[in-house]
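A.B. asks: So the protein lines, in turn, are chains C and H. Residue 115 in this note's numbering sits at position 115 of the first sequence; the count goes up by one each step and never skips. Residue 1126 in this note's numbering sits at position 126 of the second sequence; the count goes up by one each step and never skips. Heads up, the beta-carbon is just placed ideally off N, CA and C, and yes, glycines get one too.
Number of protein chains: 2
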Amino acid sequence: MKNKRIANDTCQEIINSTLSAMAEDGIANLTTKSISKRADVSTAAIHYFFETKDNLIYNSFVFIIKSIRLDMLAARKEQTDPFMRIRGAVEAHFSATHMSEQAAYIWPQLWVHAGCDVRTARLVRVFGARMVSNFTYDLCDAGMERRDARLAAIELRALVVGLWLEKQVTKYAALGERREVFDRVLARLAEQSNKNKK
Amino acid sequence: MKNKRIANDTCQEIINSTLSAMAEDGIANLTTKSISKRADVSTAAIHYFFETKDNLIYNSFVFIIKSIRLDMLAARKEQTDPFMRIRGAVEAHFSATHMSEQAAYIWPQLWVHAGCDVRTARLVRVFGARMVSNFTYDLCDAGMERRDARLAAIELRALVVGLWLEKQVTKYAALGERREVFDRVLARLAEQSNKNKK
DNA sequence: TCTTCCTTACTAATTGATCAGTAAGGAAGA
DNA sequence: TCTTCCTTACTGATCAATTAGTAAGGAAGA
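Following this line, the structure appears as structure tokens:
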């Protein structure tokens, strides 16, 4: 309120507020006023730091993509076994530790925004492509042939997104079922790549 | 313009306009004015038929869900082989024949809206649950055990949604790859259920 | 003093919604 | 057949509220 020289913190606070407001009320009801209230700053501060509302939204998306990306990379580095790397990446995707529960609701908003904003579309595309690329690498590492690995990676990524959406939005499956589906797929892939090795 | 007594057509035109406006500009930029322009009626007409903007949005969502649902049911009825039924349902989901290309972009908007509207949330949940239920039935029909069928159905549904999203938004895979991924999964399930039969 | 960070105070435009009014047509009685 | 009456299906004008964005200035540290 009175402390100064914390511009970076203020910026971050505005971004956090943008994400939480978006998650709760949807992008349709996202206003500079609602953001400024949550961040406890004036609406003018938003324009001071981000110029336009559109730019703020884009930068908020960049922030979460980066966060999850970092989480996934960190989870990968801990593991040497390729399947544990995949599992770690997926877990980071699902939990996103430092993100609040609500922030998880950002993904569909991201996809929507990608539909009418080129920058956001690229952001989403690059993130997805990297995930597939990582999975492909891991599966090759596990002994799969390049082509099979690529297709399996695409399948894996689609599955992760689909299961994520099911958990967050559609919600027809029981808690254990989701986990079991994923475990089975991983087990099958492991079996498949072992067969290749022989 | 001047013709009256075509309320049903006008209603439908407003819904179509809502969907196309939503697909093009996103739900964030959806206004009664933009809808009324596309439908070539006054904004007052929108309120006359749908009372509130929110109610119009909900009814538009109901319309597409029903449309796709009908398409899927029609596709299922044509087939006797369980795997062909699954394939038909998925194809209907991907193509949505009588819908324009743009309308396909509605899904993420639906998921977003489900996040802050209970009615929409139920709509999405029921649609997803029915799809899983249908797939489970088909897989049982093919010879799978109930439990396996249920898990495979959840996997299948997640895969369909994930691949759809990849095609529409993320766009990292080539045209053939998507098809091949799905074909492989179906082939594997067929093999799996054949093994059970023996 | 200068720069950084942010507020108060504002505006012009747009928003969803409401209003009174009306043209078209069907139903019913004479 | 003609008149009267009522309902349906809208329109154009207007509403208060809200919107994103701006201009000016102040407080505080360097």
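Around the C-beta of leucine 1175(H), are 16 or more other C-beta atoms found within 10 angstroms, so that it is buried, or is it exposed?
C.D. replies: By one-based count along the second sequence, residue 1175(H) stands at place 175. Counting Cβ neighbours within 10 Å, leucine 1175(H) comes out exposed, since fewer than 16 surround it.
A.B. asks: Is the Cβ-Cβ distance between isoleucine 14(C) and leucine 56(C) less than 8 Å?
C.D. replies: As a first step, residue 14(C) must be located in the first sequence, where it is residue number 14. As a first step, residue 56(C) must be located in the first sequence, where it is residue number 56. In contact: isoleucine 14(C) and leucine 56(C) (Cβ atoms closer than 8 Å).
A.B. asks: Along the chain, where does the alpha helix (DSSP H) that runs through valine 118(C) open and close?
C.D. replies: Counting from one through the first sequence, the residue named residue 118(C) turns up at place 118. That run of the alpha helix (DSSP H) goes 118-141.
A.B. asks: Within the same chain, show all residues whose beta-carbon is closer than 7 Å to that of lysine 167(C), passing over the 5 residues directly before and after it, in chain order.
C.D. replies: Locating residue 167(C) in the first sequence gives position 167, where the first residue counts as 1. Same-chain partners within the cutoff: Arg178.
A.B. asks: Which bits of chain H does leucine 185(C) rub up against, with CB to CB less than 9 Å?
C.D. replies: Taking the first residue of the first sequence as 1, we reach residue 185(C) at position 185. The sequence given here has valine at residue 185(C), not leucine. Within 9 Å Cβ-Cβ: Glu1155.
A.B. asks: Output, in sequence order along the chain, the residues in the stretch 1005-1039 of chain H whose CB is closer than 8 Å to any CB in chain C.
C.D. replies: Cβ contacts with chain C come from Ala1023, Glu1024, Asp1025, Gly1026, Ile1027, Ala1028, Asn1029, Leu1030.
A.B. asks: In terms of residue numbering, what span does the alpha helix (DSSP H) encompassing asparagine 59(C) cover?
C.D. replies: Start at 1 with the first residue of the first sequence, and residue 59(C) comes out as number 59. Per DSSP, asparagine 59(C) belongs to the alpha helix (DSSP H) from 53-78.
A.B. asks: Under DSSP, the alpha helix (DSSP H) around tyrosine 1172(H) begins and ends at which residues?
C.D. replies: Within the second sequence, the letter at position 172 stands for residue 1172(H). Careful: tyrosine 1172(H) lies outside any alpha helix (DSSP H) and carries neither H nor E.
A.B. asks: May I ask you to list, following chain order, the residues of the stretch 1114-1138 of chain H that have a beta carbon less than 7 Å from some beta carbon of chain C?
C.D. replies: Listed by position along the chain: Ala1114, Gly1115, Cys1116, Val1124, Arg1125, Gly1128, Ala1129, Val1132.
A.B. asks: Give the range of the alpha helix (DSSP H) segment to which glycine 88(C) is assigned.
C.D. replies: Counted from its first residue, the first sequence places residue 88(C) at position 88. Counting along the chain, the alpha helix (DSSP H) containing glycine 88(C) begins and ends at 82-95.
A.B. asks: Under a CB-based cut-off of 8 Å, is lysine 1199(H) close to chain C?
C.D. replies: Because residue 1199(H) is not part of the residues shown, which for chain H are 1001 to 1198, the question remains open.
A.B. asks: Using beta-carbon positions only, say whether phenylalanine 1061(H) and leucine 1110(H) come within less than 8 Å of one another.
C.D. replies: In the second sequence, the residue the question calls residue 1061(H) occupies position 61. In the second sequence, the residue the question calls residue 1110(H) occupies position 110. Against a cut-off of 8 Å, the Cβ pair of leucine 1110(H) and phenylalanine 1061(H) comes out as a contact.
A.B. asks: May I ask you to list, following chain order, the residues of the stretch 168-195 of chain C that have a beta carbon less than 9 Å from some beta carbon of chain H?
C.D. replies: Hits within the stretch, in order: Gln168, Val169, Thr170, Lys171, Tyr172, Ala173, Glu177, Arg178, Glu180, Val181, Phe182, Arg184, Val185, Arg188.
A.B. asks: Counting only beta-carbon atoms, is alanine 92(C) nearer than 8 Å to chain H?
C.D. replies: Along the first sequence, read from residue 1 onward, the residue named residue 92(C) stands at position 92. Taking Cβ atoms only, chain H never reaches closer than 8 Å to alanine 92(C), which makes this a no.
A.B. asks: Tell me which same chain residues have a C-beta within less than 7 Å of the C-beta of leucine 1151(H), skipping the five on either side of it?
C.D. replies: If you number the second sequence from 1, residue 1151(H) lands on position 151. Excluding residues within five positions, none has a Cβ falling inside 7 Å.
A.B. asks: Is alanine 1089(H) close to chain C? Criterion is C-beta to C-beta, closer than 8 Å.
C.D. replies: As a working mapping, residue 1089(H) is identified with position 89 in the second sequence. It does not: the Cβ of alanine 1089(H) has no partner Cβ on chain C nearer than 8 Å.
A.B. asks: Look up methionine 1144(H) in the DSSP assignment and say whether it is helix, strand or coil.
C.D. replies: For the purposes of this step, residue 1144(H) is taken as residue 144 along the second sequence, with counting starting at 1. Methionine 1144(H): coil per DSSP, three-state reduction.
A.B. asks: Please list the terminal residues of the continuous alpha helix (DSSP H) segment that includes alanine 44(C).
C.D. replies: Taking the first residue of the first sequence as 1, we reach residue 44(C) at position 44. Run containing alanine 44(C): 43-50, per the alpha helix (DSSP H) assignment.
A.B. asks: At a CB-CB cut-off below 7 Å, which residues of chain H make contact with valine 112(C)?
C.D. replies: Position 112 of the first sequence, counted from the first residue, corresponds to residue 112(C). Near valine 112(C) (Cβ distances below 7 Å), the residues of chain H are Gly1026, Ile1027, Pro1108, Gln1109, Val1112.
A.B. asks: Assign threonine 1052(H) to one of two classes, buried (16 or more other C-beta atoms within 10 Å of its C-beta) or exposed (fewer than that).
C.D. replies: Within the second sequence, residue 1052(H) is the residue found at index 52, counting from 1. Threonine 1052(H) is exposed by the Cβ-count criterion.
A.B. asks: With C-beta atoms as the reference, is valine 251(C) less than 8 Å away from histidine 93(C)?
C.D. replies: Nothing can be reported for residue 251(C): it is not among the residues displayed for chain C, which extend from 1 to 198.
A.B. asks: Run through chain H and tell me which residues come within less than 9 Å of glutamate 145(C), C-beta to C-beta.
C.D. replies: For this step, residue 145(C) is matched to residue 145 along the first sequence. Within 9 Å Cβ-Cβ: nothing; glutamate 145(C) doesn't reach chain H, min ~14 Å.
A.B. asks: Using alpha carbons as the reference points, say which of Ser1017(H), Arg1122(H), Asp1025(H) lies closest to isoleucine 1035(H).
C.D. replies: As a first step, residue 1035(H) must be located in the second sequence, where it is residue number 35. Of the listed residues, the one whose Cα sits closest to isoleucine 1035(H) is Ser1017(H).
A.B. asks: Taking all protein chains shown into account, decide if aspartate 81(C) is buried (16 or more other Cβ within 10 angstroms of its Cβ) or exposed.
C.D. replies: For the purposes of this step, residue 81(C) is identified with residue 81 of the first sequence, where counting begins at 1. With fewer than 16 Cβ atoms within 10 Å of its Cβ, aspartate 81(C) is classed as exposed.
A.B. asks: Could you check if threonine 32(C) is buried or exposed, using at least 16 other CB atoms within 10 Å of its CB as the buried criterion?
C.D. replies: As a working mapping, residue 32(C) is identified with position 32 in the first sequence. Counting Cβ neighbours within 10 Å, threonine 32(C) comes out buried, since at least 16 surround it.
A.B. asks: Nearest-angstrom Cα distance between threonine 1136(H) and alanine 187(C)?
C.D. replies: Position 136 of the second sequence, counting from 1, holds the residue named residue 1136(H). Position 187 of the first sequence, counting from 1, holds the residue named residue 187(C). If you take the alpha carbons of threonine 1136(H) and alanine 187(C), they lie about 21 Å apart.
A.B. asks: Is the shortest distance between the beta-carbon of glutamate 51(C) and the beta-carbons of chain H less than 8 Å?
C.D. replies: The count along the first sequence starts at 1 and reaches residue 51(C) at position 51. No, glutamate 51(C) does not count as interfacial toward chain H.
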